Structure formats: structure tokens, C-alpha cells
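Just so you know, we're using UniProt numbering here: the sequence shown kicks off at 1 and counts up by one.
The block underneath contains the structure these notes are about, expressed in C-alpha cells.
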Amino acid sequence: MNALTSPPALHDASGTPAQGHVPVMLREVLDTLKPADGEAILDCTFGGGGYTSAILKQADCAVWAIDRDPDAIARGQAMAAAFVTEAGLPRLHMLHGGFGSMTALAAAAHAPAFDGIVLDLGVSSFQLDEAERGFSFRMDGPLDMRMAKSGPSAADIVNNAPESELADIFHFYGEERHARRVARAIVADRVDTPFETTAQLAGLIRRVVPSDRSGIDAATRSFQGLRIAVNDELGEIERGLTQALDLLAPGGRLVVVSFHSLEDRIAKRVMATATGKTASFSRYDPRAALTKGDEPAFIALTGRPLRPGDAECITNPRARSARLRAVEKRPTDISSFGKGLIP
């Protein structure tokens with residue numbers, strides 16, 4: 001039997017995520033999203049189902065959840081049985097695909113306009129903790145990193161991409177200062193021995209990248225860059241956030257949790273544009289006449305990004321770099337617009 005027909009028992013009968021999966025900034029997400037009875041919510045990054053489960057328990061609402069990982073879809077299908085209406089209708093609807101295609105996925109599922117949309121841009125704990133997925137160098141496994149389990153793998157890129165392309169991946173996506181050195185070493189080593197495992201690649205990186213005072217493993221940044229390239233993560237975020245704004249109902253809220261500066265920059269820019277906070281034109285610029293007096297379609301709910309508390313960072317170290325940003329779509333009744341602004 002395949003994973004979709006026989007999913008692992010990762011949720012109990014109440015739909016609670018399995019031990020080991022800890023949703024980041026869960027309280028802040030719920031307080032900002034404010035799910036209410038009768039609403040439609042879109043969880044664009046289902047993962048282990050932490051946000052979805054909490055949303056469904058907090059309000060008598062319905063959730064449409066997206067994930068491109070077939071294992072996550074299996075987990076969601078197992079969870080769905082715990083959340084049904086009194087008439088036996090499902091409250092959780094799983095959508096298999098990337099959130100960069102959320103408009104098409106929602107349309108195919110005949111979903112309504114959403115009262116809330118949430119994106120957790122971090123890698124799923126399940127993906128990080130499963131050595132066979134090849135996301136982490138903490139455990140040796142195949143050099144894979146594919147969230148959707150399809151398309152070119154990390155090994156394909158490492159073994160075939162030109163040196164200049166590898167250097168760009170490590171530099172721009174991983175923000176690795178020694179990107180050229182890493183790329184040069186990979187190209188030299190792969191001539192005799194192709195890269196097949198995470199330990200093999202991590203060992204090479206540690207050999208050529210000096211350790212720094214931060215204590216971060218020397219392979220961390222290069223692995224991040226490679227993972228982003230394999231999954232086109234930044235392109236997916238750009239497409240997804242733009243579509244999310246269009247899918248919100250009046251008064252709907254978009255909540256985004258990011259984990260590194262590249263993700264956060266995109267979220268900050270998209271939200272700044274949506275709330276009219278981009279640089280304004282000079283009054284002498286003809287384009288100024290086209291925008292004068294226009295009201296922004298969205299208002300910022302977070303003046304500055306929210307950060308996790310110290311207690312959460314201690315109990316869940318993966319939360320340390322998290323940032324939460326949120327916007328609200330202008331409601332039809334403008335008298336209620338912007339209430340609940342978080343400073």
C-alpha cells in the first residue's frame with residue numbers, strides 16, 4: 001500500500017499533531033488570524049498540521065490546506081476524520097500542490113473567498129527529521145531535498161550544475177561568504193566521486209569553509225541555498241503571496257511566518273506594496289496623479305514583525321529566527337477597518 005492509502009499514525013483521534021511537531025508562534029498566529037465560526041481559512045503550508053488542527057479546534061470553521069509533499073497530504077487525510085460537521089461533512093479539505101498555485105488549487109476545490117490565510121515558510125519538522133528526505137546534515141541520508149518528491153534532486157544539481165551556478169546558489173540563496181570556494185571544491189571532487197549523501201556534501205563544505213564564532217555548522221548556509229534552489233522556494237513565495245492577497249474576502253487576514261531574511265524580505269515587500277507603504281512619487285512625477293487619493297486595499301496588522309517569546313525559543317529552538325507579518329484586506333464596512341492593529 002502506498003503512503004496515500006496507508007498514512008502513518010501521526011495524529012491521535014482528536015486530530016492533535018504527533019509529538020515532535022511543534023508549530024512555531026502558534027499563539028501569535030491564532031491571535032492575529034482570529035478564526036471565527038463559519039469562516040473559511042486557507043493553511044498554505046500544512047506540514048504536520050499544527051496550525052490547521054489549532055484553527056479547527058478554536059472555531060467552528062472550515063480549513064482548506066495545501067502541501068506539495070504527498071506525505072503531508074496523507075497526514076491531513078488522517079486528521080480530517082476528526083473534524084466533521086454535525087451533518088458529517090468534512091471541515092478539513094486537503095489540496096495537493098504548491099502554494100504558488102493556490103489560486104488554481106482553490107478554484108479546482110470550489111473553495112470560497114477566504115477569511116484568513118496563513119503561511120509558515122519554514123521546512124516541515126517531518127522533512128528535517130527524516131534522514132531519507134535529505135534535508136538535514138544532522139543525519140546521513142540521500143542528497144535529495146525535494147519537497148514534492150519529484151523533479152531534479154539536490155544531488156542532480158550538485159553533480160551537474162556549472163561551477164558558476166553552484167556559486168550563485170550558495171551565495172544568493174544561502175548567503176554563504178565562501179560560496180565560490182565551496183563550488184570550486186564540489187566541481188573538483190565530483191569528477192572522481194559523484195555526491196550521493198548529505199554527510200558526503202557536508203563533510204566537503206566543513207573542509208573548505210572555516211568555522212565562525214556563531215557556532216553555526218559550516219554546512220548550514222550552503223545546505224539552505226541548495227534546498228531553496230531545489231524547490232524554487234523564493235519563486236514559490238513570490239507567487240503565493242501575490243495570489244493570497246487576491247483570494248482574501250473583505251476583512252480577511254493574511255499571516256506569514258518566515259524564518260530567514262530572504263523569505264522575510266519578500267513578505268515585507270509584498271505587504272508594503274499592498275498597504276501603500278512603498279516609496280511615493282515626487283509631486284512633479286506624472287505618475288503621482290494616477291495614485292493620488294487612492295486608498296490601499298490592505299492595512300498592516302503588524303507595525304514591526306512579531307518575534308517568538310524567550311520561553312518558546314528555549315523549548316523550540318527552531319523558532320528563534322521566526323518573524324510574523326500580517327495584513328488585513330479592507331472590509332466592506334470601512335468603520336471596522338484596521339481594528340486590532342498590532343504595534
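No residue lacks a Cβ here, since even glycine has one placed at the ideal position from N, Cα and C.
Small disclaimer: the values here were computed from a predicted structure and weren't measured.
1. If you draw a straight line from the alpha carbon of Ala62 to that of Glu238, how long is it in whole angstroms?
2. Which stretch, first to last residue, makes up the alpha helix (DSSP H) that contains Ala54?
3. In the DSSP output, which residue or residues are listed as bridge partners for Glu328?
4. Mark His110 as exposed unless 16 or more other C-beta atoms lie within 10 angstroms of its C-beta, in which case mark it buried.
5. On a CA-only basis, which of Val327, Thr220 and Phe195 is nearest Thr273? Give me that one, please.
6. Expressed to the nearest angstrom, what Euclidean distance is found between the alpha-carbon atoms of Arg221 and Gly203?
7. So what's Asp168 in DSSP terms, helix, strand or just coil?
8. What span of residues does the beta strand (DSSP E) with residue 346 cover, start to end?
9. Taking the straight line between their C-alpha atoms, what separation do you get for Leu306 and Leu30?
10. With a 10 Å radius around its C-beta and 16 neighbouring C-beta atoms as the bar for buried, classify Ser150 as buried or exposed.
11. Quick check on DSSP: helix, strand or coil for Phe259?
12. Ala104 lies in the alpha helix (DSSP H); which residues open and close that run?
13. In whole angstroms, what separates the C-alpha of Arg213 from that of Arg177?
14. With three or more beta-carbon pairs closer than 8 Å as the criterion, would you say the segment 147 to 162 touches the segment 64 to 80?
15. Give me the residue from Pro162, Val255, Ala179 and Tyr173 with the minimum Cα distance to Leu234.
16. Looking only at its chain, what residues have a beta carbon closer than 7 Å to the beta carbon of Thr275, apart from the 5 residues adjacent to it on each side?
17. Between Ala36 and the rest of its own chain, which residues show a CB-CB distance below 6 Å, the 5 nearest in sequence each way excluded?
18. For Val63, which three-state DSSP category applies?
19. For Gly116, which three-state DSSP category applies?
20. DSSP three-state call for Ala319: helix, strand or coil?
21. Closer than 7 Å by C-beta to Ala167: which residues in its own chain qualify, once you throw out the five before and the five after it? Chain order, please.
22. Using 8 Å for Cβ pairs, my map puts Ala218 next to Ile205. What's the rounded Cβ distance?
23. Flag this pair as yes or no: are the beta carbons of Asp115 and Ala40 separated by less than 8 Å?
24. Taking the Cβ atom as the reference point for each residue, do Thr85 and Leu143 lie within a distance shorter than 8 Å?
25. Take the Cβ of Thr302 as the centre, count every other Cβ of all protein chains shown within 10 Å, and call the residue buried at 16 or more, exposed below.
26. Can you tell me whether Lys329 is buried or exposed, with buried defined as 16 or more other CB within 10 angstroms of its CB?
27. If distances are taken between C-alpha atoms only, which option among Lys277, Ala108, Arg269 and Leu262 comes closest to Gly225?
With the structure as the only source:
1. Looking at the two C-alpha atoms, the distance is approximately 26 Å.
2. Residues Gly50 to Gln58.
3. Looking at the DSSP assignment, Glu328 forms a beta bridge with Arg253 and Ile299.
4. Within a 10 Å sphere around the beta-carbon of His110 sit fewer than 16 other beta-carbons, which makes this residue exposed.
5. The candidate whose alpha carbon is nearest that of Thr273 is Val327.
6. If I take the Cα positions, the gap works out to 14 Å.
7. Helix at Asp168.
8. Residue 346 lies beyond the residue range present for the chain, which begins at 1 and ends at 343; the question has no answer from this structure.
9. As the crow flies, the alpha-carbon of Leu306 is around 13 Å from that of Leu30.
10. Around the beta carbon of Ser150, fewer than 16 other beta carbons lie within 10 angstroms, which makes this residue exposed.
11. Looking at Phe259 - three-state DSSP - the assignment turns out to be coil, as it is neither helix nor strand.
12. For Ala104, the enclosing alpha helix (DSSP H) covers residues Met102 to Ala108.
13. In this structure, the CA atom of Arg213 is about 14 Å from the CA atom of Arg177.
14. Cβ pair count under 8 Å is three or more, so yes.
15. Cα-wise, what sits closest to Leu234 is Tyr173.
16. Only Pro296, Phe298, Ile299, Ala300 and Val327 meet the Cβ criterion.
17. Result list for Ala36: Ala59, in chain order.
18. Strand.
19. Collapsing the DSSP output to three states places Gly116 in a strand.
20. Residue state, collapsed to three classes: helix.
21. Taken in chain order, the residues that qualify are Ala179, Arg180 and Ala183.
22. Rounded, the Cβ-Cβ distance is 6 Å, consistent with contact.
23. Going by C-beta atoms, Asp115 is nearer than 8 Å to Ala40.
24. No. Outside cutoff.
25. Buried, by the Cβ-count rule.
26. Only buried fits Lys329, as 16 or more other CB atoms lie within 10 angstroms of its CB.
27. Taking only the C-alpha atoms, the option nearest Gly225 is Leu262.
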